[in-house]
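In this text, residue positions in the sequence shown follow the working numbering: the first is 529, and each later residue adds one. Yeah, the Cβ is synthetic: ideal placement off N, Cα and C, and Gly gets one too. Below is one structure, written out as structure tokens; comments come after it.
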Amino acid sequence: MGNWFKVIIIGGGATGTGILRDLALRGVDCLLLEKEDFATGTSGRFHGLLHSGARYAVKDPHSAEECIQENKILKQIAPGCVEDTGGLFVATGEDDLAYSEKWLEGCKNAGIEVQEISPQEALLEEPRLAKNIKKVYRVPDAAIDGFRLCAANVRSAEKKGAQARNYTEVIDIIKEGNKVKGVIAKDLVTGKEEEIYCDMIINAAGAWAGKIAAMAGVDVNIVPDKGVLVVFNHRFTKNVINRLRPPGDGDIFVPHGSVTIFGTTSRETTDPEDNGATKEDVLALLGEGRKLIPDLDEIRLIRAFAGVRPLYQPDGGGTGRNATRDFSLIDHEKEAGITGMVSVVGGKLTTFRLMANAVSDYVCTILKIPGESVTDQEPLVDDFCRLKPNSKKEFLCQCEQVTEDMLLEAVEGKKRISLSDVRRLTRLGMGPCQGTFCTFRAAGFYQKQKKLSVSQVNAMLEEHVQERWKGNHPVLWGGQAQEAEITRGVYLSLLNLDKLERCDGNV
Ligand SMILES: Cc1cc2nc3c(=O)[nH]c(=O)nc-3n(C[C@H](O)[C@H](O)[C@H](O)COP(=O)(O)OP(=O)(O)OC[C@H]3O[C@@H](n4cnc5c(N)ncnc54)[C@H](O)[C@@H]3O)c2cc1C
């Protein structure tokens, strides 16, 4: 039946796509619905750190144990999504060494391998570090690409027969008495609404999970917590650099792809879509960052962005940095007598596979589906949109080395072409020039290859340029202000971008 699935998963972030893969590998007939593109929620707006768990070793020991377990598994099963950079925890002249002792004890208890190195050795490896550092420890932190990870989960699941639809929003939950029966889903490209039925809904909508729960008449108290991150135009450390102190604002640098991501902050918000950064956020972060990397102002900032943590606050739970980074599985039958739906909230991207495993086990028990999770053994399909040995080496995006073949692969089977979606799969426009040239080359390429109309291409360009601008404007001073003027010149004088013919945006 086209409109019936055993399980429907709502949310195409790391958690939802991870569940889709887990269930698909068990042979369960399942469908995932995502209102935007996969990984446009928090899983595409995070720090990019595959935690070793060391950050949580003192305050959240259970989380620390889960992180190190998952860190090891993901390095094995998803090598195309993970870069094993290694990490350092560094105590500066300002930091209390009594904390280091507690931290070492916590890491030992969680099973996190820690090796002390001398400040001199650390400075040889990371010459940009402050000269007054007192203690340095090596940990198995790494960088992880959330966009690629979610796409890899979807591709792995599709290979096993599961379905995933992006740009499809769940606008209501269908109930019969106390039983959840399905969803009303709206295709945001065609505008068509459809009823889709199932035996079980898994609400994996992250910071939006409370809104989905409300559609079914149940309560999931999510306190959205916003974190701002800034991006520098190149990598300037080899390792992930963490400040050795209780987790706070502006204490982690992650070398990620061709850039460095630095952050973050933690502020309660009311809206899961509240993902803009301000100049004040950026300045406050830089103030902290200089304590680890004193010459930070000499490095060009290219953008700032924010993500919203899906922190779950059952009665009496903490908020912000005091809320647990553990995840919770809520069975609405036990909580509120509503059958046919569970919600999974909280956690971290690093622990998405573990969360998916736990939810899938739980749901399969209810649905009497035999078998067990194999996601810790089975490699992810993560080799897509990569430079192939036989690719024509003509780069449309030089910063990120994106070829025509990669652009074609990125839109294969897609119902709409969006440069932002292509960016998530290929990193087009994510490097130092922030799409100043490759945006137009890619638009021209698609126009020719996919026979797009002029107004369709103009809409595609405008959407991408606006999205890039959202991240650029909070960091517009110094070198980046000069760069922005060059970009503006290209947009307005060469391309007349503000006067182009428009279509409705659905390309
Ligand atoms: C600033 C910041 C930094 C972080 N850094 C790290 C880090 O370095 N390492 C780490 O491990 N973790 C980190 N985290 C935590 C981690 O990013 C999140 O825990 C994780 O990405 C949450 O994934 P998710 O799939 O649960 O939610 P999301 O990725 O937000 O996915 C939920 C999806 O549901 C979709 N959705 C919502 N409503 C509907 C609807 N009605 N219909 C269909 N779809 C819908 C949304 O569009 C969204 O894509 C960070 C978080 C923040 C905010």
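Between the options, which lies nearest to residue i when the distance is taken from Cα to Cα?
i	options	result
Ile-897	Leu-551, Thr-543 and Gly-569	Leu-551
Gly-999	Lys-663, Lys-603 and Val-756	Val-756
Leu-561	Asn-694, Thr-1015 and Thr-878	Asn-694
Gly-1007	Met-934, Ile-894 and Leu-829	Leu-829
Phe-675	Gly-614, Ala-567 and Ala-1009	Ala-567
Ala-732	Glu-1011, Ala-582, Val-556 and Ile-858	Ile-858
Ala-834	Ser-571, Ile-538 and Lys-534	Ser-571
Asn-660	Leu-947, Ile-821 and Lys-916	Ile-821
Glu-594	Leu-1028, Asn-885 and Lys-707	Asn-885
Ile-827	Val-759, Ala-690, Met-934 and Leu-989	Val-759
Asp-565	Pro-800, Lys-1027 and Lys-943	Lys-943
Leu-1023	Leu-1004, Val-993, Trp-997 and Gln-1010	Val-993
Val-711	Lys-916, Val-717, Val-535 and Asp-624	Val-535
Ala-658	Phe-965, Thr-620 and Arg-837	Thr-620
Gln-691	Ala-970, Arg-969 and Asp-557	Asp-557
Lys-636	Ser-684, Gly-614 and Ser-580	Ser-580
Leu-947	Gln-929, Leu-716 and Phe-973	Phe-973
Ile-537	Ile-730, Ile-701 and Phe-617	Ile-730
Glu-801	Arg-951, Asn-681, Glu-808 and Gly-734	Gly-734
Leu-1036	Leu-924, Gln-597 and Thr-967	The chain is shown only over 529 to 1035; residue 1036 falls outside these bounds and no answer can be derived.
Val-664	Asp-623, Gly-689, Asp-727 and Ala-864	Asp-623
Leu-1071	Val-887, Asp-777, Val-950 and Gly-785	Residue 1071 is absent from the structure shown; the chain starts at 529 and stops at 1035.
Asn-681	Phe-965, Ala-542, Val-748 and Ile-699	Ala-542
Glu-649	Leu-616, Gly-634 and Ser-628	Leu-616
Asp-799	Glu-629, Gly-569 and Ser-684	Gly-569
Phe-533	Gly-634, Leu-811 and Asp-727	Asp-727
Ala-497	Asp-825, Phe-965 and Val-982	Here the chain has residues from 529 to 1035 only, and residue 497 is not among them.
Asp-911	Ile-645, Glu-629, Gly-614 and Arg-683	Arg-683
Quick check: the Cα distance between residue i and residue j, rounded to an integer number of angstroms?
i	j	result
Gly-1033	Gln-984	Caution is warranted here: a pLDDT of 47 is assigned to Gly-1033, below 50, making its placement in the model unreliable, and the coordinate value is therefore given only provisionally. Straight-line Cα distance between these residues: approximately 7 Å.
Pro-774	Gln-977	53 Å
Glu-722	Thr-696	10 Å
Pro-1002	Asp-673	23 Å
Ala-987	Gly-868	41 Å
Leu-980	Ile-945	10 Å
Val-1018	Gly-957	15 Å
Val-1035	Glu-991	Low local confidence applies: a pLDDT of 41 at Val-1035 is under 50, so the model's placement there is unreliable, and no value is given.
Pro-647	Leu-632	17 Å
Lys-662	Ala-626	12 Å
Lys-714	Ile-724	10 Å
Asn-599	Leu-877	11 Å
Phe-790	Ile-866	42 Å
Leu-953	Gly-705	42 Å
Ala-528	Gln-926	Residue 528 is absent from the structure shown; the chain starts at 529 and stops at 1035.
Pro-842	Lys-862	15 Å
Arg-837	Gly-539	14 Å
Lys-807	Gln-905	44 Å
Cys-961	Gly-817	23 Å
Met-529	Glu-995	Residue placement at Met-529 is poorly supported in this model, since its pLDDT is 46, which falls under 50; the coordinates still yield a value, given next. If I take the Cα positions, the gap works out to 39 Å.
Report the partner residues of residue i according to the DSSP bridge assignment.
i	result
Ile-858	Ser-871
His-784	Val-787
Asp-700	Ile-712
Leu-578	Ala-670
Arg-795	Lys-754
Gly-615	Val-667 and Val-768
Phe-923	Thr-931
Ile-645	Val-664
Glu-723	Ile-712
Asn-731	Ile-538 and Ser-871
Arg-837	Asp-753
Cys-558	Val-535
Arg-1047	Absent from the model: residue 1047. The displayed extent of the chain is 529 to 1035, so no value can be given.
Measure the CB-CB distance between residue i and residue j and report whether it falls below 8 Å.
i	j	result
Ala-670	Leu-908	no
Arg-549	Thr-903	yes
Thr-788	His-575	no
Arg-573	Asn-803	yes
Val-873	Phe-855	yes
Arg-554	Cys-913	no
Leu-677	Cys-609	yes
Tyr-840	Ile-750	yes
His-590	Val-746	no
Lys-703	Ala-744	yes
Val-748	Leu-577	no
Stretch-stretch touch, CB-based, cutoff 8 Å, three pairs: the segment 639-658 with the segment 726-739
no
Can at least three beta-carbon pairs, one atom from the segment 917-937 and one from the segment 574-592, be found at a separation below 8 Å?
no
Closer than 8 Å is the cut-off here; do at least three beta carbon pairs connect the segment 595-612 with the segment 750-765?
no
Check whether the segment 539-549 and the segment 876-889 touch, using three or more Cβ-Cβ pairs below 8 Å as the test.
yes
Do the segment 647-656 and the segment 760-779 meet, that is, are 3 or more Cβ pairs less than 8 Å apart?
yes
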